[in-house]
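Top line first, the protein sequences correspond to chains A and B. Using this note's numbering, the first residue of the first sequence is number 1, and each one after it goes up by one. Using this note's numbering, the first residue of the second sequence is number 479, and each one after it goes up by one. All C-beta atoms in this analysis are idealised placements derived from N, C-alpha and C, irrespective of residue type, glycine included. Because the structure is a prediction, the values reported are computed rather than measured.
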Amino acid sequence: MRKLIPILLSGVLLLSSCSGNIHPSGTIGSLPPLEPDYSFVTVPRNIAPLNFSYTGSEECALQVEGHTLRGREGLFSFPLRLWKELMTRDQVEMTVLVRQEGEWKAFQPFTITVKEDIDPYISYRLIPPGYQGWQKMGIYQRDLTSYKQSAILSNDLTDGNCMNCHTTLGGDPSKSVFHVRAAHGGTILTDGSSIEKLNTRTDSTISALVYPYWHPSGDYIAFSVNKTLQSFYNHGEDRIEVYDMASDVVVYDVHGKEIAWSPLTKGKDHFETFPTFSPDGQWLYFCSARAVEMPKDFKQVRYGLYRIAFNARDMSFGDRLECLYDAPAEGYSVSFPRISPDGRFLCFTRHGYGNFSIWHKDADLWMMDLETLEKWPLEAANSPETDSFHSWSGNGRWMVFSSRRGDGLYTRPYFTYIDEEGKASKPFLLPQKNPGAYYKRLMDSYNLPAFLKGPMKMSKHRIVSEIRESSGVDVQVK
Amino acid sequence: MMDRFALAFREQQQLFLLDKTYLVQSLFTVGGVATLSGRFLVQFFWNPAFAVLITLALLGLGAWLLWFSVRETRADWPVLPLCLIPFAFLSASLSENAMHYSVLTAWLLALGALCGYSRIRSHRLAWGILLTMATYLAAGPAALLFAVCAAVLDFFRKEWASALYILAALACGLGAWLLAWTPTLGRALTPSFYYDLDAPMPVAHWIPWMVLPLSVAACRAAQKLQGKRFLVPGGCTAVFLLALLPAFRMAQNTEDRQPGITYEYEYYVANEDWDGLLKACRSHEWIPHTAQYLNLALSWKGQLLTDLLKYDQRGPTGLMMMSEGRGVETTQAHIMFAMGNMAAAQDVAFNTLNSTEGFCPTMLKMNAQVELMRGTYAVADKYLSLLEKAPHYRRWAREQKRFLYNDRAVEEDSLLGNGRRSWPVMDGFAMFGNPLEEIMRVIDANPSDKRALEYALAYMLLAKDIKGVTGVVDRYYGKPGLPSLPVSVQEAVLFYSEYTRNIGGNNNLGPDWCAAHGVAEGTFRRFQTFQEESLKSGGKAPKGYNSSYWYYLVYKEI
């Protein structure tokens, strides 16, 4: 009997949402206007139901694989059981019906393609897209198989300060690093059950550590050090320019608590930033630009893609730089290089100038084949608005990236399937129970979305205590 | 002790929304009921009279709840003055806006619980612990007040077990801290819970929290003297009156970090009451801040140049804020918006919007308007939809929604259309260099922007840059932005004409040029008289010219 109750209940729920079949008397020769537009997207089998709304004002219904869902104020909410059933197929066909002048008419049908699973969680920062004034921000995690979001840490626990650059080792939630700025400032490193606060400002570097990337061994973290400023445009499509007056790339030894660098990653003639290790740990990739007078020549600063050999045994660097993409020669700048777990592809953001691509409308995702150095835009994933910071799933088949395509200002996480040729599919927006209302109401941007293999379980109280009470360990220079 | 404008400004520090997500998110936090009910009440503070009346009513209700809790018979009214004392101090605590209004609603919840507890006759211990925990969840550390007061009441009945309530409240605070519902144990258990996150709470805010249990004890002690007819009412009233003085001193000591006049000015700006703002500015002595608001009011009334020198002016700092960088400042946003520097206005307004406890409604309105000017309708719709959920702003938001996705309507609207035309053509950063250069970029883009032109000319006049004034006149006189020359500008142009002729021997800007550029015959004559009288007065300012630009230029030190 105990087992029967949930089955009966779910049956009742299913019946209440799915009504009898509707036979349309006519067709409409176009696709329905949907919010979000989930038509022809590719989704992972384990994703939460992709509820969406028909944005017209008529009474509406959705026919999907023999089931009919009535729209409530345009919203189609999939019962979990039905959604799970749909996700067992390779492709799902959906048709939106609307009642016009008493007659049901069918829009052109569309499909959703179902592919392999995605990592079950993502982490991100939620922050108002001004990056200057805020009362509240925080680092959050979201279960992709449901709609559940929880705070990893929010700044109401740390006196309203800034926290950023949360990064894990290959999506492992137990190994993470992030920074806390201003009051109680420091870099927080978590490893299993241990938490450590680091003071990363040294006399030999221009700033505290900034953009991190873990070495696959977990023994090192590459960081940039940046003197960053931001200004608000008085004109033009882009609103804010974030730029570096100077920057370098260094590597931090997690166990030795010291940093080291190569003269090729730290010098006054170039701005180096956005370091990334290759999956085999033997290469350190980064972006580098010829130094110019800043901010006067901010539109002249363009970054190319470089790499340098890295030896994890003794924390040493190669003696030459390899240029993989001389973007400035083509009049472009690149940022955020991220390599697929199998080491074959490198995805980067390309834009006209500068390095903080999230504020550049022309920023698009590009892919590079690391064997041939051939590169191409991820056309199906890109939009006329900003498409920027991206991260790979553990199986290398999915990428999550930030895009402003919704309203042009507030970044939202989109997911795209990457096939074996490195081509992207049409991306889908992070699902919500009522995505239209949710995203319209949300006054924060999603910042640095990245996959997690599971939830971060570290006690918030312990993290907060470390941040507030620990004076931190001073990082040394090797 | 109660500044009506400071209370009204609380309404600008939040946006109460009739929205399920907002209500649920606010409610399901420690002290959520107090927070939400506080925000609900503060939404009515757009009217300062409502703010005062509501606050007085709540303070009165609190005193009555306290009296109801301590009274044993209806004849206990003589102790009522003692019940007023904690609320005199609480109202002093509320004089600082960093102390959230939820402290008052939290007190009411705690006293409501005390009231209920005082009427319970059986299973008092269990009820007491339950009420402590429920009060903690609903009101936060005010539960400790309930626990202490309940224990004090019971001590007089020799019920010592009630001390457990205090332990229960402490345990709740400890739990909240361990669960990271509060950042520190101190915040979980003290009045600092209701204070701004980013600043240490002055010690004075502890006073009402200490006075409340003392008042309960005093009431109980007074009740023991009931037989003495005149001693109790007389003594209680005397103690209350004596307590008013320290409460008043506390109000002064905890006075807000923001100067009180800002609240008054912001009230008039939020309501676009420019006459009220002018009147308020006139009633306060000159400081740059006051002058900025005064000139802002003149600008919106279209009288910046005509009436500029009717008021005390001491340089361009009284016109705009000279702070460098992109700050969080409503005044700055309003001034930038008025002068047509929409990018700078939006930058400051956006940061200010997100730097308050909720969303500052005036800044949200400004952001919505700038988005409409930009033509980024999806973002404008987002902001207007949010404002639509706030009862007081619903009507305004709905009116503005008619501009969504309607370029023609935007362009035909005097404010939005002007703003849309005012985006500088030349690319650059906002608030990055000389503020005058930024206004000139706006005027280059939109020469018909009268307010921007007035601000530019006023800036030059106040900076005594008569060459600059003449340059602007040369370029824009007779065009839609400057169809005629206000007297102050005529005076500046004439002075510069005379100066260049006398000093530089340059006749290009002579009387004919001046006359052709809007200098009236009367101004020529007055200038002649001014010069003669100046010579006669031997270096002293001639009488009758205090409102002239010549007086400002020659005799006013900036």
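From what residue to what residue does the beta strand (DSSP E) around phenylalanine 310 of chain A run?
Judged by DSSP secondary structure, phenylalanine 310 of chain A falls within the beta strand (DSSP E) whose first and last residues are 303-311.
Would you say phenylalanine 567 of chain B and valine 689 of chain B are within 8 Å of each other, going by their C-beta atoms?
With respect to valine 689 of chain B, phenylalanine 567 of chain B sits close: the two C-beta atoms are nearer than 8 Å.
Along the alpha helix (DSSP H) that carries proline 435 of chain A, what are the first and last residues, could you check?
That run of the alpha helix (DSSP H) goes 435-441.
Please list the residues of the region 893-927 of chain B that have a C-beta atom closer than 9 Å to any C-beta atom in chain A, keeping them in chain order.
Answer in chain order: Trp901, Pro902, Val903, Met904, Asp905, Gly906, Phe907, Ala908, Met909, Phe910, Glu916, Arg919, Val920, Ala923.
So with CB distances below 8 Å, who are the chain A contacts of proline 661 of chain B?
Under the 8 Å cutoff, chain A gives Asp156, Leu157, Thr158, Asp159, Val464, Arg468.
Assuming valine 694 of chain B contacts leucine 645 of chain B under a Cβ cut-off of 8 Å, what Cβ separation, rounded to an integer in Å, is found between them?
Cβ atoms of valine 694 of chain B and leucine 645 of chain B stay farther apart than 8 Å, at about 19 Å.
Could you tell me whether any Cβ in chain A is nearer than 8 Å to the Cβ of glutamate 489 of chain B?
Taking 8 Å as the CB threshold, glutamate 489 of chain B stays off the interface with chain A.
If you check the beta carbons only, do valine 249 of chain A and proline 275 of chain A fall under 8 Å apart?
For valine 249 of chain A and proline 275 of chain A, yes; Cβs fall inside 8 Å.
Does any heavy atom of the ligand SAM sit closer than 7 Å to the C-beta of isoleucine 259 of chain A?
Of the ligands one can find in the structure shown there are none, so the ligand SAM has no counterpart to examine.
If I follow the unbroken beta strand (DSSP E) through asparagine 199 of chain A, where does it start and stop?
Annotation: the continuous beta strand (DSSP E) that includes asparagine 199 of chain A extends over 194-199.
Taking contact to mean 3 or more Cβ pairs, one atom from each stretch, closer than 8 Å, check whether the region 60-71 of chain A and the region 450-458 of chain A are in contact.
Touching, no.
Residues bridged to methionine 367 of chain A (per DSSP)
DSSP, once it has assigned bridges, lists A/Cys347, A/Trp376 as partnering methionine 367 of chain A.
According to DSSP, simplified to helix, strand and coil, what is tryptophan 752 of chain B?
In this structure, DSSP gives tryptophan 752 of chain B a helical state, which the three-state scheme calls helix.
Just tell me which of A/Asp314, A/Leu284, A/Asp369, A/Val301 has its CA closest to the CA of glutamate 491 of chain A.
With chain A represented from 1 up to 478, any question about residue 491 of chain A goes unanswered, as that position is not in the structure.
Outcome for proline 964 of chain B when other beta-carbon atoms lying within 10 angstroms are tallied against a minimum of 16:
By the neighbour-count criterion, in which a residue is buried when 16 or more other Cβ atoms sit within 10 angstroms of its Cβ, proline 964 of chain B is buried.
Does serine 53 of chain A come out as helix, strand or coil in the three-state DSSP assignment?
It is a strand residue.
Considering just the uninterrupted stretch of the alpha helix (DSSP H) at aspartate 859 of chain B, what are its terminal residues?
Its alpha helix (DSSP H) spans residues 855-866.
Which residues share a DSSP beta bridge with glutamate 85 of chain A?
Answer by DSSP bridge pairing: none, since glutamate 85 of chain A is not bridged.
Can you give me the C-alpha to C-alpha distance between aspartate 119 of chain A and serine 357 of chain A, rounded to a whole angstrom?
Distance between the alpha carbons of aspartate 119 of chain A and serine 357 of chain A: 25 Å.
Going along the region 843-867 of chain B in order, which residues come within less than 8 Å of chain A, judged by CB to CB distance?
Of all residues in the region 843-867 of chain B, only Thr854, Ala856, Val857, Asp859, Lys860, Ser863, Leu864 come within less than 8 Å of chain A when Cβ atoms are compared, listed by chain position.
At least 3 beta-carbon pairs within less than 8 Å: the region 629-643 of chain B vs the region 597-604 of chain B
Contact between the region 629-643 of chain B and the region 597-604 of chain B is present: three or more C-beta pairs spanning the two stretches fall below 8 Å.
Under 8 Å, do asparagine 161 of chain A and asparagine 155 of chain A count as touching if we go by C-beta distance?
Yes, they are a contact pair.
Check whether the region 542-557 of chain B and the region 500-513 of chain B touch, using three or more Cβ-Cβ pairs below 8 Å as the test.
Contact between the region 542-557 of chain B and the region 500-513 of chain B is absent, because fewer than three Cβ pairs lie under 8 Å.
Suppose the cutoff is 6 Å on Cβ atoms and the five residues either side in sequence are ignored; what does the same chain contact list for tyrosine 465 of chain B look like?
Outside the displayed span of chain B (479 to 1036) sits residue 465 of chain B, for which this structure offers no information.
Same chain, Cβ closer than 7 Å to phenylalanine 624 of chain B, five either side skipped, listed in chain order:
Counting only Cβ-Cβ distances below 7 Å, and skipping sequence neighbours, we find Ala588, Ala591, Leu592, Leu609, Thr610, Thr613.
Less than 8 Å between the C-beta atoms of isoleucine 139 of chain A and serine 150 of chain A, yes or no?
At the C-beta level, isoleucine 139 of chain A and serine 150 of chain A stay beyond 8 Å of one another.
Around the C-beta of arginine 404 of chain A, are 16 or more other C-beta atoms found within 10 angstroms, so that it is buried, or is it exposed?
Classification of arginine 404 of chain A: buried, given that the 10 Å Cβ count is 16 or more.
Answer yes or no: does any C-beta atom of chain A fall closer than 8 Å to that of serine 833 of chain B?
Interface residue, yes.
Residue nearest to glutamate 116 of chain A in terms of C-alpha spacing, selected from A/Ser316, A/Asn395, A/Glu379
Out of A/Ser316, A/Asn395, A/Glu379, A/Asn395 has the C-alpha closest to the C-alpha of glutamate 116 of chain A.
Using a Cβ cut-off of 7 Å, which residues of the region 164-179 of chain A contact any Cβ in chain B, in chain order?
Answer in chain order: no residues at all.
Which of helix, strand or coil does DSSP assign to aspartate 280 of chain A?
The answer is coil: DSSP assigns aspartate 280 of chain A none of H, G, I, E or B.
Would you say alanine 625 of chain B lies against chain A (beta-carbon separation less than 8 Å)?
Under the Cβ criterion of 8 Å, alanine 625 of chain B is not counted among the residues facing chain A.
Rounded to the nearest angstrom, how far is the Cβ of phenylalanine 671 of chain B from that of glycine 618 of chain B, given a contact under 8 Å?
About 5 Å; that satisfies the 8 Å criterion.
Rounded to a whole number of angstroms, what is the C-alpha to C-alpha distance between aspartate 952 of chain B and lysine 928 of chain B?
One alpha carbon belongs to aspartate 952 of chain B, the other to lysine 928 of chain B, and they sit about 16 Å apart.
Work out the CA separation of valine 177 of chain A and glutamine 521 of chain B for me, nearest whole Å.
Taking the straight line joining both Cα atoms gives about 41 Å.
The region 382-401 of chain A / the region 822-829 of chain B touching (three or more Cβ pairs under 8 Å)
Touching, no, given that fewer than three Cβ pairs across the two stretches are closer than 8 Å.
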